[in-house]
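In our numbering, the protein residues as written are 568 to 847. Note that beta-carbon positions come from the ideal geometry of N, C-alpha and C, so glycine has one too. Quick caveat: nothing in here was measured; it's all calculated off a predicted structure. Working notes, structure below.
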Ligand SMILES: Cc1ncc(C[n+]2csc(CCOP(=O)(O)OP(=O)(O)O)c2C)c(N)n1
Ligand SMILES: [Mg+2]
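Dropping the structure here:
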């Protein structure tokens, strides 16, 4: 594993903690997908604040495609830290008439496709990656999707197509949390072994601890060394990882509406983490 400097690691750990705090702040108003947002904060910190290049105009040069719309909470938490959303607006998440949809539609800042109907992101991301390459652009395309979506055939058509077209500008990031709404994925329709399946479709896949910033950075770095295939990060994550007092037993964690005392305890814990990391 290549060395990651302490300052880079500390910066990303602090950002991940602040993203977790934003997620709680947003979801505590009316409930939401807090467990996923908290769990995905390490990936979000690395993706938005280390991996994707900026365009010099306050936005990103590389492109992110969210497939599982309900994980929008991760993007909201990260883009609040980026300064492209206001927390005051984000607190209307899940309110009647809000523009801050739980599953956003194409065109909303940070969201390239309409994603509430699951399973469609990988094929659209593959099309985007193909188009960017055809146009001679060196943009990299990152697509987040979930273990539940792996049960949909469209995902595997996308993998087959992306491998056939040698789309090395495409990185699939899978939230492999062994949860799909009301049940464990392994109990409904098992998807493992996930890396081996993507390898068999012609991609380059590896399993990643999705709650380890060094592991995530290492995978992003490795992805750039693979020049003839799409890269697949099978990220094992745990719902609410990073805030111990909110740790939930699967499967009752897909969508949460907690008591105020629980949200307050979670905020107190993450504020302590932020202060330990030298932030406020
Ligand atoms: C095509 C489609 N089928 C079913 C649903 C209903 N649905 C919403 S979330 C969800 C669970 C999907 O699994 P995953 O994304 O892994 O969920 P999580 O880990 O966040 O619980 C399902 C089946 C949907 N949104 N779209
Ligand atoms: Mg899942």
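Original post:
Can you give the Cα-Cα distance for residue 825 and residue 598, rounded to whole angstroms?
Top reply: 7 Å
**OP:** Pick out the complete beta strand (DSSP E) segments inside the region 750-829, 3 residues or longer, and give them in chain order.
**Re:** 771-776 and 798-803
**OP:** Can you tell me which of 767, 650 and 606 puts its alpha carbon nearest to the alpha carbon of residue 616?
**Re:** 650
Original post:
With distances taken from CA atoms, which of 687, 693, 702 and 631 is nearest residue 721?
Top reply: 687
**OP:** Name the two residues that bound the continuous beta strand (DSSP E) containing residue 713.
**Re:** 708-713
Original post:
Hey, would you say residue 639 sits closer than 7 Å to residue 589, going by beta carbons?
Top reply: no
Original post:
Heavy atom of ligand 1 less than 6 Å from the Cβ of residue 713, yes or no?
Top reply: yes
Original post:
If you measure from the CB of residue 819, is any heavy atom of ligand 1 nearer than 6 Å?
Top reply: no
**OP:** Note down the Cα distance separating residue 763 from residue 800, rounded to an integer number of angstroms.
**Re:** 12 Å
Original post:
Comparing alpha-carbon positions, which option in 673, 582 and 823 lies nearest residue 631?
Top reply: 673
Subject >> Alpha carbon of residue 520 to alpha carbon of residue 660, nearest angstrom >> reply: Any question about residue 520 goes unanswered here, given that the chain covers just 568 to 847.
Original post:
Buried or exposed: which applies to residue 682, given that a residue is buried once 16 or more other Cβ atoms fall within 10 Å of its Cβ?
Top reply: buried
Subject >> C-beta contact flag for residue 645 and residue 611 at 7 Å >> reply: yes
**OP:** Within the same chain, show all residues whose beta-carbon is closer than 7 Å to that of residue 579, passing over the 5 residues directly before and after it, in chain order.
**Re:** 612, 613, 616, 617 and 780
Original post:
Taking the alpha carbon of residue 778 as the point to measure from, which residue in 788, 796 and 807 has its own alpha carbon closest?
Top reply: 807
**OP:** Give, in chain order, every unbroken run of the alpha helix (DSSP H) that is at least 4 residues long and sits entirely within the region 592-660.
**Re:** 601-606, 608-613, 639-649 and 654-657
**OP:** Below 8 Å CB to CB, which residues in the same chain sit around residue 793 once its five sequence neighbours on both sides are set aside?
**Re:** 735 and 771
**OP:** Measuring alpha carbon to alpha carbon, tell me which of 594, 818, 795 and 835 ends up nearest residue 812.
**Re:** 835
Subject >> residue 598 at chain C interface by Cβ criterion, 7 Å >> reply: Here chain C cannot be found, since the structure has a single protein chain.
Subject >> Near ligand 2: residue 747 beta-carbon under 6 Å from a heavy atom >> reply: yes
Original post:
Should the region 717-732 be called in touch with the region 687-700, which here means at least 3 C-beta pairs below 8 Å?
Top reply: yes
Original post:
residue 684: beta carbon under 6 Å from a heavy atom of ligand 1?
Top reply: yes
Subject >> Check whether residue 707 and residue 629 have beta carbons under 7 Å apart >> reply: yes
Original post:
When DSSP labels each residue in this structure, what does residue 675 get in the three-state scheme?
Top reply: coil
Subject >> Classification of residue 784 by the beta-carbon crowding that lies within 10 angstroms, buried from 16 upward >> reply: buried
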